[in-house]
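*Asks:* Let me give you the structure first, and then I'll get to my questions.
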């Protein structure tokens with residue numbers, strides 16, 4: 001153990017669970033992971049914003065609705081996000097009005 005570098009050696013506390021010798025390395029690793037999580041969240045929000053823009057285009061609306069429905073578990077705040085975005089409710093109402101005659105004749 002004496003031949004190991006400081007970064008590779010482990011301190012074993014009294015409970016027998018190994019911990020890294022350098023607590024700053026643990027903090028740096030946690031900060032890097034948080035930074036990646038923040039970047040990932042920004043990427044998800046950018047894709048959600050693009051899908052909302054796609055909802056306003058009738059040619060892209062079907063695909064945008066499909067993508068949003070598949071990603072609803074990823075975005076915890078999807079409902080308020082949809083409600084508060086401009087034109088989204090109008091686009092969803094247009095879809096309902098367009099599909100209603102098809103559904104009405106089937107029953």
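Numbering (full-length UniProt numbering), first residue to last: 1 to 107.
Glycine is no exception: its CB is placed at the ideal position from the N, C-alpha and C atoms.
Within a Cβ cutoff of 7 Å, which residues of the same chain sit near residue 60, ignoring the five residues on either side of it in sequence?
*Replies:* The residues 54, in chain order, have a CB closer than 7 Å to that of residue 60 in the same chain once the five nearest residues on each side in sequence are set aside.
*Asks:* Using the rule of at least 16 other Cβ atoms within 10 Å of the residue's Cβ for burial, across every protein chain shown, is residue 26 buried or exposed?
*Replies:* Low confidence applies here, because residue 26 scores a pLDDT of 47, under 50, leaving its location unreliable; read the following figure in that light. Residue 26 should be labelled exposed.
*Asks:* Tell me whether residue 39 is buried or exposed, calling it buried when 16 or more other Cβ atoms sit within 10 Å of its Cβ.
*Replies:* exposed
*Asks:* For residue 48, does the count of other Cβ atoms within 10 angstroms reach 16, so buried, or fall short, so exposed?
*Replies:* buried
*Asks:* Per DSSP, what kind of secondary structure is residue 77 in: helix, strand or coil?
*Replies:* coil
*Asks:* Leaving out the 5 sequence neighbours to the left and right, which residues in its chain are closer than 7 Å to residue 4 when beta-carbon positions are compared?
*Replies:* In this prediction, residue 4 scores a pLDDT of 48, lower than 50, which makes its location untrustworthy; the coordinate-derived value is nonetheless stated afterwards. The answer is none, since no qualifying residue turns up.
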